[in-house]
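> Just so you know, the protein sequences line up as chains Y and G, in that order.
Each residue of the first sequence is one higher than the last, beginning at 1347 in our numbering.
Each residue of the second sequence is one higher than the last, beginning at 5 in our numbering.
By construction, the Cβ of each residue, glycine as well, lies at the ideal position given by its N, Cα and C atoms.
Next up is a structure, given as structure tokens.
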Amino acid sequence: MHKVVIPIGPQHPALKEPESFSVTLSGEKIMKFSAKLGYNHRGIEKACEERTYTQDVYLTERICGICSHSHSTCFVQAVEEIAAVAVPKRALYIRTLIGELERIHSHLLWLGVAGHEVGFDTLLMYSWRDREVVMDILAMLTGNRVNYGINTIGGVRRDVSPEQAKQILKAMDTLEERTKYYIQIATEETTLIQRLSGVGVLSNKDALKLGAVGPTARASGVDRDVRRDDPYAAYAEVKFKVITDNHNDVYGRTLVRMGELMEAYSIIRQIINNMPDGPVAVKVPRKIPAGEAVSRYEAPRGEDLHYVKANGTEKPERVKVRAPTLANIQTVAKMLEDRQLADLPIVIAAIDPCFSCTDRLTGVRQQGKRSKNVMRWEDLHSYSIKYYQEHGIDFTDLNKKLAKLLK
Amino acid sequence: MIDLFYILIFPGFLFLSIFGLGAEFLDRKFHARLQNRIGPPWFQPLADFIKLSAKEEIVPDEANPSMFRMMPILAITATVTAFFYIPLWSAKPLLSFSGDLIVILYLLTIPTLTFFLGGWYSTSLYSRIGAVRALTQLFAYEVPLLMSIMAPALLANTWSLSEMAVFYSIHPILCLSNVLGFTISLISLLGKLEKVPFDIPEAETEIVGGTFTEYSSKLLAIFRLGIDIEAIVGASLLAAVFIPFGLNLPPILGFLLFVVKVLAIICTLTVLRTIFARLRIDQMVSFCWKILAPLAFLQIFIALFLKGIILR
Chain Y
1347 MHKVVIPIGP
1357 QHPALKEPES
1367 FSVTLSGEKI
1377 MKFSAKLGYN
1387 HRGIEKACEE
1397 RTYTQDVYLT
1407 ERICGICSHS
1417 HSTCFVQAVE
1427 EIAAVAVPKR
1437 ALYIRTLIGE
1447 LERIHSHLLW
1457 LGVAGHEVGF
1467 DTLLMYSWRD
1477 REVVMDILAM
1487 LTGNRVNYGI
1497 NTIGGVRRDV
1507 SPEQAKQILK
1517 AMDTLEERTK
1527 YYIQIATEET
1537 TLIQRLSGVG
1547 VLSNKDALKL
1557 GAVGPTARAS
1567 GVDRDVRRDD
1577 PYAAYAEVKF
1587 KVITDNHNDV
1597 YGRTLVRMGE
1607 LMEAYSIIRQ
1617 IINNMPDGPV
1627 AVKVPRKIPA
1637 GEAVSRYEAP
1647 RGEDLHYVKA
1657 NGTEKPERVK
1667 VRAPTLANIQ
1677 TVAKMLEDRQ
1687 LADLPIVIAA
1697 IDPCFSCTDR
1707 LTGVRQQGKR
1717 SKNVMRWEDL
1727 HSYSIKYYQE
1737 HGIDFTDLNK
1747 KLAKLLK
Chain G
5 MIDLFYILIF
15 PGFLFLSIFG
25 LGAEFLDRKF
35 HARLQNRIGP
45 PWFQPLADFI
55 KLSAKEEIVP
65 DEANPSMFRM
75 MPILAITATV
85 TAFFYIPLWS
95 AKPLLSFSGD
105 LIVILYLLTI
115 PTLTFFLGGW
125 YSTSLYSRIG
135 AVRALTQLFA
145 YEVPLLMSIM
155 APALLANTWS
165 LSEMAVFYSI
175 HPILCLSNVL
185 GFTISLISLL
195 GKLEKVPFDI
205 PEAETEIVGG
215 TFTEYSSKLL
225 AIFRLGIDIE
235 AIVGASLLAA
245 VFIPFGLNLP
255 PILGFLLFVV
265 KVLAIICTLT
275 VLRTIFARLR
285 IDQMVSFCWK
295 ILAPLAFLQI
305 FIALFLKGII
315 LR
């Protein structure tokens, strides 16, 4: 049959963020799939080097719109490790609490998106309605629905009052009941199972080989979770199961996420009931001593990794972020082998992609030329000067005058 | 003069448009309430129509302009024509002859063909994939639909809707033997109207808008109105074939009963489209051929059995 290449993105109803996929089709069957990242590069790592550590906490929070707390906690943990700060226990508990609430809202969001991708809009409406419960709790605790701004170096900025704790426990009961209903839908509704089961298969071997993380890996039987393997915050002191599944497909990923929701409710109950008293933050000097640290965090999408290098000033020398989607995106091509076009949206959605968080680098490919050259900071700087000169905006004379004046 | 009134005003174009938009509102509002949303106000379908019509009309450079423009009009004409053959409040429709049931089914196939041609001639890749899917789907649902509607006609020993209505008003109890066929044709109608779980030709998360990707402005508005009218005509056909009651009532009461029957069928379709996820095209085709078609055969056997044994 005649082969066609269709573009999925950068603008496409199935994608919530700009990202370009090119799919070669023979009829309805996918012959080749390739992904092009880099439509949403924001230069956050470089921007981190220009700001103080405190400012960076808020900047890293804005790497991702959904797992914002994950990124800021990951960054803060790295800085605290370099500065050797002993964070108060209550602060760690509150961080864990917000982290788990974030996991709940992220997984409920994913369930809705997955429903929408397979044309089951009723599931989208229901799960997003219930997501509002946890969003309200987050707004009550932190003042914001997504970018909580609760972390600070050396602790957290807001305490949790006993009345708030009561409300959280009440909300958990509601959500637990609703989640049980969703598990029932996912395991009983025929058309939904037909669309999820056997789709996007990633074998255990492939998951390990391609370095998948988070629910994507755990649904392929990879028993790996940073919260248990390398406990941070208060995770060493709470009991929870790491949910794994051997379905290896999108159905398995759904079950893992639903199972993690149930675990999150139990973790939050333990956190609220065992929260120690005491201060929520300690004072940390603005200048962080020289050193470097790697911090790991189990974000809702998988393992998040931050590397921070300090040079003794109040600004970091280097910040490197490895968002979970970067580890998972390679698996999509494998999952789509010999599948149909109709499976493409749900398979991409099943890794719960967050493309904007993933874009770390922009490669410039010149039209017509095969070679790809990476632009360094200086290149970009000179390129921008050249670009504006060509468009009639020239600051060379002004710059010279300024230099003279400064002398 | 009176013919012009029939065609343009009642029960023709104007009445059908208003009824179609009203039914679309009911469908959307009911769908929204089932999904725990508020839903649109009553004038939303009309407002959408007016707003779409006011937009700039864009025809792709590579598309065949005359075919591209003709398709929506052809779709709406075919559905409006089909409606003249359907009995509204009495056993006698506006137009009637001894084989009108077949003509209605034929005219109801034309919109799907216009979706195919319109998608094909707009030359966009998404449209073409949508167009091919629309045609593939047509071959899957059309056979069960035809067979399940054929069964009551076989039992009544006629191909004319008005004669069928007369037959079933004499033997009302025999309608109960067609329940299976009614279910099958409801499911097939979902495929014809391209609604979830059979909205494969316009699956927005896969192929943007499918057939209608390149359509805009008045042309899209007419297409959408055509689909609304198709829903009315399809629902009226099922009402006339499977629930032919109350045809001897006075005109106004009979007409109200007709409206209630059609809206009840529309609501059933809404419930069906709310509780399912979209199927893949291969799953849809195998479902129609492996489950619906044998069941439709069973319905025909039931009809033949009743006709051969009981009505002899």
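Identify the contact partners of tyrosine 1472 of chain Y in chain G, using a Cβ-Cβ distance below 8 angstroms as the criterion.
Per Cβ cutoff of 8 angstroms: Gln39, Asn40.
> Leaving out the 5 sequence neighbours to the left and right, which residues in its chain are closer than 8 angstroms to isoleucine 106 of chain G when beta-carbon positions are compared?
Within the same chain, isoleucine 106 of chain G has close Cβ partners Trp163.
> With a cut-off of 9 angstroms, does the C-beta of histidine 1387 of chain Y fall near any C-beta of chain G?
Not an interface residue.
> Quick one: which chain Y residues come within Cβ less than 8 angstroms of aspartate 203 of chain G?
Residues of chain Y passing the Cβ test: Gly1465.
> Quick check on DSSP: helix, strand or coil for threonine 1370 of chain Y?
If DSSP states are grouped into helix, strand and coil, threonine 1370 of chain Y belongs with the strands.
> From this set, G:His35, G:Met154, G:Ile256, which residue's C-alpha is nearest isoleucine 306 of chain G's C-alpha?
When each option's Cα is compared against that of isoleucine 306 of chain G, the closest is G:Met154.
> Under 7 angstroms between beta-carbons, which chain Y residues line up against glutamine 141 of chain G? List them in chain order, please.
Simply none; closest approach about 12 angstroms.
> Is arginine 1668 of chain Y helix, strand or coil by DSSP?
If DSSP states are grouped into helix, strand and coil, arginine 1668 of chain Y belongs with the strands.
> If we define contact as Cβ-Cβ less than 9 angstroms, is valine 200 of chain G a contact residue for chain Y?
It does: the Cβ of valine 200 of chain G has a partner Cβ on chain Y nearer than 9 angstroms.
> Across which residues does DSSP place glutamate 1426 of chain Y in a beta bridge pair?
Glutamate 1426 of chain Y pairs with nothing; no bridge assigned.
> Counting along the chain, where does the alpha helix (DSSP H) carrying isoleucine 314 of chain G start and finish?
Careful: isoleucine 314 of chain G lies outside any alpha helix (DSSP H) and carries neither H nor E.
> List the DSSP bridge partners of aspartate 1650 of chain Y.
DSSP output for aspartate 1650 of chain Y lists Y:Tyr1643 as bridge partner(s).
> In terms of alpha-carbon separation, which member of G:Ala67, G:Met75, G:Val263, G:Leu229 lies closest to glutamate 28 of chain G?
With distances taken between Cα atoms, glutamate 28 of chain G lies closest to G:Leu229.
> Excluding five sequence neighbours on each side, which residues of the same chain lie with their C-beta closer than 6 angstroms to the C-beta of glutamate 234 of chain G?
So the list reads Thr83, Pro115, once near-sequence residues are dropped.
> So what does valine 1502 of chain Y bridge to, in DSSP terms?
For valine 1502 of chain Y, which the question treats as bridged, DSSP gives the partners Y:Asn1497.
> With a Cβ-Cβ cutoff of 9 angstroms, do alanine 239 of chain G and leucine 184 of chain G count as a contact?
In this structure, leucine 184 of chain G does not lie closer than 9 angstroms to alanine 239 of chain G by Cβ.
> Isoleucine 206 of chain G touches chain Y at which residues, Cβ-Cβ below 8 angstroms?
Reading off the sequence, residue 206 of chain G comes out as glutamate, not isoleucine. Simply none; closest approach about 10 angstroms.
> Please classify serine 70 of chain G: is it buried, with 16 or more other beta-carbons within 10 angstroms of its beta-carbon, or exposed?
Answer is exposed; the Cβ neighbour count stays below 16.
> For isoleucine 13 of chain G, I'd like the list of residues in its chain whose CB is within less than 8 angstroms of its CB, leaving aside the five on either flank, ordered along the chain.
Counting only Cβ-Cβ distances below 8 angstroms, and skipping sequence neighbours, we find Phe19.
> Identify the residues that DSSP records as bridge partners of lysine 1378 of chain Y: which are they?
Note: lysine 1378 of chain Y sits in a beta bridge opposite Y:Thr1370.
> If you measure from the beta carbon of leucine 129 of chain G to each beta carbon in chain Y, is any gap under 9 angstroms?
Judged by the 9 angstroms Cβ criterion, leucine 129 of chain G is in contact with chain Y.
> Tell me whether tyrosine 1627 of chain Y sits in a helix, a strand or coil according to DSSP, three-state version.
The sequence as given places alanine at residue 1627 of chain Y; tyrosine does not occur at that position. Alanine 1627 of chain Y: strand per DSSP, three-state reduction.
> Does chain G have any CB closer than 9 angstroms to the CB of leucine 1371 of chain Y?
Closer than 9 angstroms to some Cβ of chain G, the Cβ of leucine 1371 of chain Y qualifies, so yes.
> Just to confirm the assignment: which complete alpha helix (DSSP H) runs, minimum length 4, are found wholly within the segment 1555-1607 of chain Y?
DSSP runs (the alpha helix (DSSP H)) wholly in the segment 1555-1607 of chain Y: 1560-1564, 1572-1575.
> Sorted by chain position, which residues of the same chain lie with C-beta nearer than 7 angstroms to glycine 250 of chain G's C-beta, five sequence neighbours on each side aside?
Closer than 7 angstroms at the Cβ level, and outside the excluded window around glycine 250 of chain G, lie Gly258, Leu261.
> Using a cut-off of 8 angstroms between C-beta atoms, extract the partners of threonine 1468 of chain Y located in chain G.
Under the 8 angstroms cutoff, chain G gives Leu38, Gln39, Thr278, Ile279.
> Report the CB separation of arginine 1504 of chain Y from threonine 1520 of chain Y in whole angstroms; it is logged as a contact under 8 angstroms.
Not a contact, Cβ separation roughly 23 angstroms.
> Taking Cβ-Cβ distances shorter than 9 angstroms, what residues in chain G pair up with valine 1350 of chain Y?
The answer, in chain order, is Leu129, Arg132, Ile133.
> So which residues of chain G does proline 1359 of chain Y contact, with C-beta pairs closer than 7 angstroms?
Those are Glu208, Thr209, Val212, listed as they occur along chain G.
> Return the residue from the list Y:Val1433, Y:Leu1454, Y:Ala1532, Y:His1358 that minimises the CA-CA distance to isoleucine 279 of chain G.
Ranking the options by Cα distance to isoleucine 279 of chain G, first place goes to Y:Ala1532.
> Name, please, each residue of chain Y whose Cβ falls closer than 7 angstroms to the Cβ of isoleucine 13 of chain G.
Within chain Y, no residue comes near isoleucine 13 of chain G; the closest Cβ sits about 37 angstroms away, beyond 7 angstroms.
> Cβ of proline 1631 of chain Y within 9 angstroms of Cβ of glutamate 1365 of chain Y?
Not a contact, by the Cβ cut-off of 9 angstroms.
> In chain G, what lies closer than 7 angstroms to glutamate 1374 of chain Y by C-beta?
Chain G residues near glutamate 1374 of chain Y: Ile285.
> Should proline 49 of chain G be labelled buried (16 or more other beta-carbon atoms within 10 Å of its own) or exposed?
Classification for proline 49 of chain G: buried.
> Give the single residue among Y:Lys1732, Y:Tyr1439, Y:Ser1730, Y:Ala1688 whose Cα lies nearest to the Cα of glycine 1373 of chain Y.
Comparing Cα positions, the closest option is Y:Ala1688.
> Quick check: is any heavy atom of the ligand NAD less than 8 angstroms from the C-beta of histidine 1451 of chain Y?
Within the structure as shown, the ligand NAD is missing, as the structure has no ligands at all.
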